[in-house]
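Undergrad: Just dropping this structure here.
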Amino acid sequence: MSARGGIENTFHRWALAYDENDMDTMADCFTEDAVLSMTIAGGDLIGPFDGREAIMGLMRDSLASQTDQRRHLTTNIIIREEDATSATTESYLTLLSVENGAIQVLSSGKYQDRLVNEGGVWRLSKRHIALDLPY
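For the sequence shown, the positions run 1 to 135 when full-length UniProt numbering is used.
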């Protein structure tokens, strides 16, 4: 698989795993020492969450508070820098919610990511999520 294909696969694996509450697959998308941060609607920085376990704690808490079915769509993937072992990317997020027979857009946003290739598998080592609206 090409580097771009592997990187895109990581993004899509993470999104599907979150939406299906597949914690093992979601965790596998991050390096052990990954860092995640976010901002919502231009507000204060949330995080950083240092390490896979801290990130997964955030994901578990977020999923536990949801009553709807989320769908994370990752689009407009741009690879800013890439070599055999690492890449820096930017992409868009569209977050959909399905509940009570209705679908709505909850938020949009932008991912800024750094990925590393660990034995042929691309994993997120740094992710910043900038959401346009609260979710």
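Cβ coordinates follow ideal geometry from the N, Cα and C atoms, glycine included. What you are looking at is a predicted structure, and each value in this text was computed from that prediction instead of being measured.
Do residue 67 and residue 20 have their beta-carbon atoms positioned less than 9 Å apart in this structure?
TA: No, Cβ-Cβ distance for residue 20 and residue 67 is not below 9 Å.
Undergrad: How big is the Cα-Cα spacing for residue 38 and residue 129?
TA: Rounded to the nearest angstrom, the two C-alpha atoms are 4 Å apart.
Undergrad: Can you check which of these residues, 97, 58, 5, is closest to residue 106 by C-alpha distance?
TA: Among 97, 58, 5, the Cα nearest to that of residue 106 is on 97.
Undergrad: Are residue 84 and residue 114 close, meaning C-beta to C-beta below 9 Å?
TA: No, the pair does not count as a contact, with Cβ atoms beyond the cut-off.
Undergrad: Would you call the stretch 6-20 in contact with the stretch 36-50, where contact means no fewer than 3 C-beta pairs closer than 8 Å?
TA: Output reads no: the stretch 36-50 does not touch the stretch 6-20.
Undergrad: Can you tell which of 26, 133, 118, 52 has the C-alpha that lies nearest to the C-alpha of residue 95?
TA: The shortest C-alpha separation from residue 95 is found at 133.
Undergrad: Just verifying my parser: in three-state terms, what is the DSSP assignment at residue 63?
TA: Reduced to three states, the DSSP call for residue 63 is helix.
Undergrad: In angstroms, rounded to a whole number, what distance separates the CA positions of residue 31 and residue 52?
TA: C-alpha separation (whole angstroms): 7 Å.
Undergrad: Excluding sequence positions up to five away, which residues of its chain have a Cβ less than 7 Å from the Cβ of residue 80?
TA: Correct list, in chain order: 88, 89, 90.
Undergrad: Between residue 73 and residue 15, is the Cβ-Cβ spacing less than 9 Å?
TA: Yes, the pair counts as a contact, with Cβ atoms nearer than the cut-off.
Undergrad: Identify, in the order they occur along the chain, each residue of the same chain with its Cβ nearer than 8 Å to the Cβ of residue 46, setting aside the five sequence neighbours on each side.
TA: Contacts found: 37, 38, 39, 40.
Undergrad: Return the residue from the list 70, 42, 69 that minimises the CA-CA distance to residue 110.
TA: Ranking 70, 42, 69 by Cα distance to residue 110 puts 42 first.
Undergrad: So what does residue 32 bridge to, in DSSP terms?
TA: In the DSSP output, where bridge partners are listed per residue, residue 32 has none listed.
Undergrad: Starting from residue 92, trace the beta strand (DSSP E) in both directions and tell me its first and last residue.
TA: Note, residue 92: beta strand (DSSP E), 86-99.
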